[in-house]
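Enquirer:
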Amino acid sequence: MNKLTEFLKGFKRKVSQYGSKKIIEKAVIIAIVGVICLIAGSVIFEDSFKQNENTPAAGTTGENKSDTSSGLAAAEAGMQTKGEGKSEMEEKLRDILAQIKGAGKVDVMITFVSGKESIPATDVNSSDSSTQEKDKEGGSRDIKENSRENSIVYEESQGVKRPFVVKEILPEVKGVVIVADGGGDPEVKSNLTKAAQALLEVAAHRIQVFQRSNK
Numbered sequence: 011m012n013k014l015t016e017f018l019k020g021f022k023r024k025v026s027q028y029g030s031k032k033i034i035e036k037a038v039i040i041a042i043v044g045v046i047c048l049i050a051g052s053v054i055f056e057d058s059f060k061q062n063e064n065t066p067a068a069g070t071t072g073e074n075k076s077d078t079s080s081g082l083a084a085a086e087a088g089m090q091t092k093g094e095g096k097s098e099m100e101e102k103l104r105d106i107l108a109q110i111k112g113a114g115k116v117d118v119m120i121t122f123v124s125g126k127e128s129i130p131a132t133d134v135n136s137s138d139s140s141t142q143e144k145d146k147e148g149g150s151r152d153i154k155e156n157s158r159e160n161s162i163v164y165e166e167s168q169g170v171k172r173p174f175v176v177k178e179i180l181p182e183v184k185g186v187v188i189v190a191d192g193g194g195d196p197e198v199k200s201n202l203t204k205a206a207q208a209l210l211e212v213a214a215h216r217i218q219v220f221q222r223s224n225k
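Quick note: our numbering has the sequence shown finishing at residue 225, numbered continuously throughout.
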């Protein structure tokens, strides 16, 4: 209580010494400083809130990684399909050539001009519209518009989306190399060449037959 009384007495003395005008000026300055502090604090708080809001949560990061993994899995699946097509052709050719008399053990390598072409199913959306325009002279003209939109049809297997393939075009064979135990025999070599030529529909000059090394 004594401290409050002393404070009030001191305040009255200051008012009497400096006058009410100076007190008001000081009060205005203090108020302006307070407003500036409040504005600065609100700006800092707002920036901090925006940074926290833009920071991705742990669940969101996981979803992005999952999408990326799905895309990689689809790409890897496509590469495996191409590899399996080439290996399958080589395996079938090797099995047939190995049955030729005198051929013995056979190894085959096939090269292609390009990869296998897959034709996906498409969903076609088309629309036709007709409008009639009239000019100031009383004439008219018909305006017809046709729009056509194709979209690829996808199928999903084990969480991976792939185009639904309706047709596959086998790749064009560039060359064939055949290594056989009996490749040194002219008759066996000729028979191996003819068989590969008939099965792959490739010219004879693109087929090379060699005898296997004894090492």
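Built from N, CA and C at the ideal position, the CB exists for glycine as well.
Compare the Cα-Cα distances from residue 214 to each of 170, 203 and 118 and report the closest residue.
Expert: Ranking 170, 203 and 118 by Cα distance to residue 214 puts 203 first.
Enquirer: Would you give the residue range spanned by the beta strand (DSSP E) that residue 218 belongs to?
Expert: 217 to 221 is the extent of the beta strand (DSSP E) around residue 218.
Enquirer: How far does the alpha helix (DSSP H) with residue 200 in it reach, from first residue to last?
Expert: Here the alpha helix (DSSP H) through residue 200 covers 196 to 210.
Enquirer: In terms of alpha-carbon separation, which member of 223, 154 and 165 lies closest to residue 137?
Expert: Comparing Cα positions, the closest option is 154.
Enquirer: Quick one: what's residue 185 bridged to in DSSP?
Expert: BP columns for residue 185 point to 121.
Enquirer: Taking only beta-carbon atoms, is residue 221 less than 8 Å away from chain B?
Expert: No chain B appears in this structure, which consists of one protein chain only.
Enquirer: Can residue 123 and residue 103 be called in contact, C-beta distance under 8 Å?
Expert: For residue 123 and residue 103, no; Cβs fall outside 8 Å.
Enquirer: Label residue 146 either buried or exposed according to how many other C-beta atoms from any shown protein chain fall within 10 Å of its C-beta, with 16 as the threshold for buried.
Expert: With fewer than 16 other Cβ atoms within 10 Å, it is exposed.
Enquirer: Suppose the cutoff is 8 Å on Cβ atoms and the five residues either side in sequence are ignored; what does the same chain contact list for residue 148 look like?
Expert: Cβ within range, chain order: n/a, list empty.
Enquirer: Measuring only the C-alpha atoms, how far is residue 100 from residue 120?
Expert: Each residue's Cα considered, the two are about 7 Å apart.
Enquirer: Do residue 126 and residue 179 come within 8 Å of each other at the CB atom, strictly closer than that value?
Expert: Yes; because the gap between Cβ atoms is below 8 Å, this pair is in contact.
Enquirer: For residue 245, which three-state DSSP category applies?
Expert: Because the chain here runs from 11 to 225, residue 245 falls outside it and cannot be looked at.
Enquirer: Let me make sure I understand the geometry here. Which of 135, 192 and 139 has the alpha-carbon closest to that of residue 158?
Expert: For residue 158, the nearest C-alpha among the options comes from 135.
Enquirer: With DSSP run on the structure shown, which of helix, strand or coil describes residue 191?
Expert: Coil at residue 191, not helix or strand.
Enquirer: Buried or exposed: which applies to residue 217, given that a residue is buried once 16 or more other Cβ atoms fall within 10 Å of its Cβ?
Expert: Classification for residue 217: buried.
Enquirer: Over the uninterrupted beta strand (DSSP E) stretch that includes residue 129, give me the two end residues.
Expert: That run of the beta strand (DSSP E) goes 127 to 130.
Enquirer: When you compare the CB positions of residue 129 and residue 176, do they come within less than 8 Å of one another, or not?
Expert: A contact, by the Cβ cut-off of 8 Å.
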